[in-house]
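Q:
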Amino acid sequence: MTRILVLGDEVKWSGTENEFDRQLEIKTDGNDKNLFLQIDAFQTPLYSDLPPRVIDLIYIAAYVYSADTKISRGGQKDVFETNWTRTFHFKIPVFDIEFWGTIESNRMLCDALEFVSGDVYTFEFVRRAAREVQPSLFSYSDPNDSNSIDVAICFSGGADSLAATLLALREERRPVLVSHRSAPVVNKRQKNLVGELRKRVSDWHFPHSSMWIHRKGGERGEENTQRTRSFLYAALAAATASGLGLDEIWLCDNGVVSINLPQSGQNWGTLLSRSTHPRTIELYQTLLRRVLDSQSLKLLNRLVFTTKPEVMMLIADSGHPELIQEAVSCAHVEGLTKLQPHCGVCSQCIDRRFATTGSGLTNYDLPNRYAKDIFSDELGKGIDRTHVENYVRFAKRLEEVNSTDSLFVEFPELFDALPSTLNQSQAAEKISDLFERHQINVNGVLEKLIVKESTKIRRGAFSPDTLVGMVASGVMNDDPCAKFAIRLGTLIGNGLPPAFQTVKATNERHVQDICQGLFVTALDSLSRETPQLPFGSVSTKPDFSKPFNGSKPLFIEFKFLRNRTGLNKMVTEITSRITIYRDQGAAVLFVVYDPSRVIVDDADFMASIVRNDVYLKIAR
Amino acid sequence: MGHIRLGRLPKTKNWIGLFRALERENVQVHAIAKEASIAAQERLATLENDPAVNYCFWVLVEVANAARTDMFQSQLEKSLGIFLDEQSTGAKFVSEIATATSRAVRDRALASPFTHFAEMSMREVLSRYILESSPSLFGSSLRDVQFACKRISTKKNFGEAAKAFYASLMAKSILYVTDKEASNYIGVGKAIAGSAEAVQFQNDLKRYCFESSKIIEDFAAGWFSKQNWKSKRKITEQSTQRFTSYALQKLQMELKEGLK
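Chains as they are written, first to last, in the working numbering: chain H, 405 to 1024; chain X, 54 to 313.
(1) List, in order along the chain, the chain X residues whose C-beta lies closer than 7 Å to that of H/Asn671?
(2) Using a Cβ-Cβ cut-off of 7 Å (strictly less than) and excluding sequence neighbours within five positions of X/Ser206, which residues of its own chain qualify?
(3) For chain X, find out if any of its Cβ atoms is closer than 8 Å to the Cβ of H/Ser476; answer yes or no.
(4) Taking X/Ser221 as part of the alpha helix (DSSP H), name the residues at either end of that continuous run.
(5) Could you check which residue in X/Ser226, X/Val106, X/Leu113 and X/Phe272 has the C-alpha nearest to that of H/Val483?
(6) Tell me whether X/Gln199 sits in a helix, a strand or coil according to DSSP, three-state version.
(7) From X/Phe191 to H/Asn827, what distance separates their C-alpha atoms?
(8) Relative to the C-alpha of H/Ser583, which candidate in H/Val498, H/Gly989 and H/Ile462 has its C-alpha closest?
(9) Between H/Ser521 and chain X, is any beta-carbon pair separated by less than 8 Å?
(10) Indicate whether at least one CB of chain X lies closer than 8 Å to the CB of H/Asp820.
(11) Of all the CB atoms in chain H, is at least one closer than 8 Å to the CB of X/Met223?
(12) Of the choices X/Val252, X/Phe296, X/Lys267 and X/Thr289, whose alpha-carbon is the least far from that of H/Glu793?
(13) Starting from H/Val995, trace the beta strand (DSSP E) in both directions and tell me its first and last residue.
(14) In the DSSP output, which residue or residues are listed as bridge partners for H/Ile617?
(15) Return yes when the Cβ of X/Tyr229 is within less than 8 Å of the Cβ of X/Val82, no when it is not.
(16) Please state whether DSSP places H/Leu409 in a helix, a strand or coil.
(17) Which partner residues does H/Gln427 have in the DSSP bridge list?
(18) Please go through the same chain and pick out, in chain order, the residues whose beta-carbon is closer than 6 Å to the beta-carbon of H/Ser552, but skip the five residues on each side of it.
(19) Rank X/Leu100, X/Thr152, X/Ala171 and X/Leu179 by C-alpha distance to the C-alpha of X/Lys203 and give the top, closest one.
(20) Would you mind giving the Cβ-Cβ distance between H/Ala876 and X/Val241, rounded to the nearest angstrom? I have them listed as a contact below 8 Å.
(21) Grab me the residues of X/Phe254's own chain with a C-beta within less than 6 Å of its C-beta, minus the 5 sequence neighbours each way, in chain order.
(22) Anything in the segment 617-631 of chain H with a Cβ closer than 7 Å to a Cβ of chain X? List those residues in chain order, please.
(23) Locate the beta strand (DSSP E) running through H/Lys495, then write down its first and last residues.
(24) For H/Ser540, which of helix, strand or coil comes out of DSSP?
(25) Helix, strand or coil for H/Leu450, going by three-state DSSP, please let me know.
(26) With hydrogens ignored, establish whether the beta-carbon of H/His791 is closer than 7 Å to any heavy atom of the ligand ATP.
(27) Short of 8 Å Cβ to Cβ, which residues in the segment 241-267 of chain X face chain H?
(28) Return yes when the Cβ of H/Asn705 is within less than 8 Å of the Cβ of H/Thr680, no when it is not.
(29) Kindly indicate if chain H contains any beta-carbon less than 8 Å away from that of X/Pro166.
(30) Please decide whether H/Pro816 counts as near chain X, where near means a Cβ-Cβ distance under 8 Å.
(31) Quick check: what's the CA-CA separation for H/Glu738 versus H/Leu441?
(32) Counting Cβ pairs, one atom from each stretch, are 3 or more of them under 8 Å apart for the segment 652-666 of chain H and the segment 488-496 of chain H?
(33) Less than 8 Å between CB atoms is the rule here; does H/Val1018 satisfy it with respect to chain X?
(34) Anyone know if the C-beta pair for H/Asn664 and H/Leu676 falls short of 8 Å?
(35) Tell me which residues share the same chain as H/Glu626 and place their Cβ nearer than 8 Å to its Cβ, disregarding the 5 neighbours each side in the sequence.
(36) Below 8 Å on C-beta distance, what does X/Tyr229 contact in chain H?
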């Protein structure tokens, strides 16, 4: 458990220091400020009348967000997530201390933050001196038509907030878009998307209220999960609503992501984000109503019963499907390019690929915009593979659920998603329908993928480390020889490269010797250099062989590809071996060890070799 | 804004048995359960004295005993802080209990995967009992809810409910560590042949933990009956602690032993 004391601006700590493991001083002003905080872009004179407690709310949200990203929740070595939950004590300045100091306000604030982050919060407030307000925090320009604005929409620049904006337009609403800018790349994406909207939609100019909030002074955050970012969004939207006299705020994400059920056994609590979870929305609304002193204020997630494919269709149905490619959904900000803004393997990217594929919108969401193509690329061991596998396994689990009741028993987390005041039965039916539609889309996409790859599946000419490899078991034939060949290929593919890490392979026999070691430790033994087979006037023998009861034997041949000149010779050898072995009614697995990457296009090479009863594994 | 944080297991001596069990051609549920319980034994042992885990079990005890009285609603209001009216359905009952329990758990311990699993196991047991006694979680009346909870309060049924609770907690705990690596062993030609088989594996593991929890069933039935007699149906949270320690200890021993 990490206990952290957070001091805001000039506040000093008078208690015992050893009560806490760490102390953070967050300064938004002065030469040594470490948190930059500024609203610009959309300003109105009305902002000058923001109640002090609303300005306090923005500061509180900024302090919380800053501390959230500053303190690590533990790394991957922390198997049992002992550092996941942090305990924060904030001592921070506010203008309206009479308001924030009440037990009720304090409780509402803590309840909301604790549910959304999974951390523990306590707050201690001191009075903020008037001079501490930065003059630049709210600087003003002059929008002409702030009077017609009727809803504030939190706008992250992803597909869901774009869909919410287009939904508002369809309902003849006049939205102001509210954004948090955390980094220049995020800022560019949001501005670009607003610009594209303005270009295409002539009857609204999409006012955009945006706020820079980020650490300053070269300090990098220790934690990138940002579970409290939605609170920052809600606070900024509340300030906008307060300034413009609005009584509706939309904080939208599709329902499956909002409810975020565990996809596998390792997901628990806030390891699954709850940014727009129905309970989060309810808790934020309760707090915001109190801060804005308005019981009519509504905080809504208008997409809570909408799946991701339906979100995509919402965009397409607006008449501007090309906007899909302008919206960036990826959870990663760094290390991606403008041409490939999506990593392809985070939960957001996977959901988006399945959504656009399932709704026939791939022309507006091209695979080459993703750094990794989950439908064709190999997924090696690790987190990326786990995200993809968990996603498809979750859809399979949902497919087996046959009623709303059993969905709630199977996923008891859903009780948190039921509204506390409205008709729970109706909400439960809608949730159940939502997940049913989700699984139909995901499983439908997988079925199409299997059909597309059916030839490869029949021939066993695909890698078990691809998405097809994870879902094709049901359609694979039960031939033990085929199964063994694929399993052996995987074993060699995984085992060979580390075996040659220190000492390089000298010749083909050396590769065979190392592989024999792998077989012995991981599989039942194979016979080496048997049987003798007639070939013209001479005889030959495979490197290894394995007989099967009730199926053809499997011969295994190793090829060590040292350089380009050896490639043609190797292909000729392989072709003649295929002839010999097929004459014997055997299947054959060729293992090509290609450490120097002589083979340029693996898929092409495989297509030229693999056929019925002929398997190939390229190892590097 | 939705994200999922994932973790992996370190390839240290402690976890090597689990890796080996996952590498076998045909993955065996009992071997996985055994290796996972051995590797995680130190952490799992701390659950024996975890007040949050114990609280979730005590809620079952309290609900069962309250259902035997004429003051089901007021009793639960007093002991668990939940408010029910005559229109409350089974779902409303479970969600009220869930919210109140989350709050109480937070007061007793910091959130951890295991306290979360204990909460979910408690919700699961209650929902199942309500469903067995009424047409639906959402169509049931408060009377149905009380009837379902009253069913838990018999000696035999309490044994079953306790068994279901601890089996679910242990299955979730084992899947929690196993699923950090399982995806790497799912696919054609691997230990688990595909996503369909992975779901089957999950179900088999739950069933195996349930079977292994048999040892808890009889003991829980006897314990519940004796404690109720001694305390006049006022079993306290403190007095369930010893039972929780015993149940978890026994269950871990069973799993570590593997197939007999």
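Glycine included, C-beta positions come from ideal geometry on N, C-alpha and C.
A: Inspection of the coordinates gives the following:
(1) Ile57
(2) Ala117, Asn118, Ala120 and Arg121
(3) Output row for H/Ser476: interface = no.
(4) Per DSSP, X/Ser221 belongs to the alpha helix (DSSP H) from Lys208 to Thr231.
(5) Of the residues X/Ser226, X/Val106, X/Leu113 and X/Phe272, the one whose Cα lies closest to the Cα of H/Val483 is X/Ser226.
(6) helix
(7) 10 Å
(8) H/Ile462
(9) no
(10) Closer than 8 Å to some Cβ of chain X, the Cβ of H/Asp820 qualifies, so yes.
(11) no
(12) X/Val252
(13) Here the beta strand (DSSP E) through H/Val995 covers Ala991 to Tyr997.
(14) H/Leu441
(15) No, the pair does not count as a contact, with Cβ atoms beyond the cut-off.
(16) strand
(17) H/Gln427 is bridged by DSSP to H/Leu409.
(18) Arg578
(19) X/Leu179
(20) 6 Å
(21) Ile245
(22) Thr629
(23) Arg490 to Val498
(24) Because the pLDDT at H/Ser540 is just 44, under 50, the model does not fix this residue reliably, and the point stays unresolved.
(25) Legend: pLDDT at H/Leu450 = 49, less than 50; position of this residue unreliable, no value from coordinates given.
(26) This structure lacks the ligand ATP, and indeed carries no ligand of any kind.
(27) For the segment 241-267 of chain X, the set of residues with a beta-carbon nearer than 8 Å to any beta-carbon of chain H comprises Val241, Gly242, Lys243, Ala246, Gly247, Ser248, Ala249, Glu250, Ala251, Val252 and Gln255, in chain order.
(28) Result yes, Cβ atoms of H/Thr680 and H/Asn705 sit closer than 8 Å.
(29) yes
(30) Chain X has a Cβ within less than 8 Å of the Cβ of H/Pro816.
(31) 21 Å
(32) no
(33) no
(34) yes
(35) Thr473, Lys474, Ile475 and Ser476
(36) Gly669, Gln670 and Trp672
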